[in-house]
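Remarks on the structure that follows.
Residue numbers (the working numbering): 96 to 477.
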């Protein structure tokens, strides 16, 4: 009876394993083939090893259960002594060796392919920050930060969560299809890990080091990923979103991005009203500062200081500007001079000095920030 139950269980397990591909997709229990040649090679390797393991399990458990049944005590079976049997020792050494060699050959071929970023047509540097990504198109003098865009109301359960909850950003990494792209990964603070399953790319971003990866995307579309390294309290709030487009669309996107960059530089030279700065400053604050200081400006006691009623936000404006631009050594306060444009810096500082009842009634102009940025970095880039 027990043997019949075991056989039935094995049969059921195999039946579930061999179920249709559509069922696997619905269960989402398997890897995805992805949209690159490497990702499909990884998937094929995974399935090859999986079926080898299935075959091993069938043979081993089949022999074991047959032995248990055929040599059971009720049949008067007597145990045999195989101690120091040379033939048995050779067999159970050679067979696993052959299996491992058979698995190593396709695995090595896949790894060699994965670690060959030569002859890339486009270089993108990816830098991890707590908690966002910076993308630099090294061949096109273009860079920007990609921040989580999920509304805070959804995170705090005050609004219904949308389809791409915690997986949407304000700016996508736009890449052309059919182009070999090399990724250069590093970090500005702690160890992060840039992971996009559809591309079969997962690389650590380590401060002081440059790691390489590459891809050739075959199909246009939106592909999502996340930081796969526990990098701090908002580790789950730094997703990756790649927008793969045709090569012609990518060229047009580059033109539009450069025009936007010039427009932002021109915007820093015009005169902004207090209301305009407050409106934009709130958006910048929620995107770049609220994770630590909270949307209410009240901070987290013992970890992140409050800005509401803070001597920094209500005191000398020069000191406030300095700490936002250059950060504060020995704390989690980052330097934002290279993360935000002059207009964004002026807006967020103005917002912090006039929100939550601070109400100083003064505005910091983008031109004022520009003068402070020029000696060391020139024009601040978005």
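Ideal Cβ placement from N, Cα and C applies to all residues, glycine included. Remember, predicted model here, so these are calculated numbers, not experimental data.
Notebook entry, point to check: Between which two residues does the alpha helix (DSSP H) carrying residue 252 extend?
Noted result: No alpha helix (DSSP H) holds residue 252; DSSP gives it neither H nor E.
Notebook entry, point to check: Taking buried to mean at least 16 other C-beta atoms within 10 Å of its own C-beta, is residue 117 buried or exposed?
Noted result: Here the model assigns residue 117 a pLDDT of 44, short of 50, so the residue's position is not dependable, and the following value carries that caveat. By the neighbour-count rule (16 or more Cβ atoms within 10 Å), residue 117 is not buried but exposed.
Next item on the list: State the Cα-Cα distance for the pair residue 427 and residue 193, rounded to the nearest angstrom.
Entry: Straight-line Cα distance between these residues: approximately 53 Å.
Margin query: Given this structure, state the Cα-to-Cα distance separating residue 108 from residue 137, to the nearest angstrom.
Written below: Residue confidence is low: residue 108 scores 47 on pLDDT, short of 50, so the model does not pin down where it sits. Its coordinate-derived value is still stated next. Answer to the nearest angstrom: the Cα atoms are 24 Å apart.
Check: residue 457: which of 469, 431, 413 and 425 sits nearest, CA to CA?
Finding: Closest option to residue 457, Cα to Cα, is 413.
Item checked: Member of 329, 198, 433 and 366 whose CA lies at the smallest distance from the CA of residue 459 -> Nearest in C-alpha terms to residue 459, of all of 329, 198, 433 and 366, is 366.
Check: What separation, rounded to the nearest whole angstrom, lies between the Cα atoms of residue 436 and residue 347?
Finding: Near 23 Å, if we compare the C-alpha coordinates of residue 347 and residue 436.
Note to self: If the criterion is Cβ atoms closer than 7 Å, does the pair residue 388 and residue 402 meet it?
What the structure shows: Residue 388 is a Cβ neighbour of residue 402, given a cutoff of 7 Å.
Check: First and last residue of the beta strand (DSSP E) that includes residue 268?
Finding: First-last of the beta strand (DSSP E) with residue 268: 268-271.
Notebook entry, point to check: Name the DSSP bridge partner or partners of residue 336?
Noted result: According to DSSP, residue 336 bridges with 319.
Notebook entry, point to check: Between the C-alpha atoms of residue 419 and residue 453, what's the straight-line distance to the nearest angstrom?
Noted result: Each residue's alpha carbon lies about 17 Å from the other.
Margin query: Rounding to the nearest angstrom, what Cα-Cα distance links residue 468 and residue 384 in this structure?
Written below: Approximately 20 Å, taken between the alpha carbons.
Next item on the list: From the DSSP output, read off the bridge partner residues of residue 306.
Entry: Per DSSP, 280.
Check: Where does residue 465 land, buried or exposed, given buried means 16+ other C-beta within 10 angstroms?
Finding: Around the beta carbon of residue 465, 16 or more other beta carbons lie within 10 angstroms, which makes this residue buried.
Notebook entry, point to check: Under three-state DSSP, which class holds residue 382?
Noted result: Looking at residue 382 - three-state DSSP - the assignment turns out to be helix.
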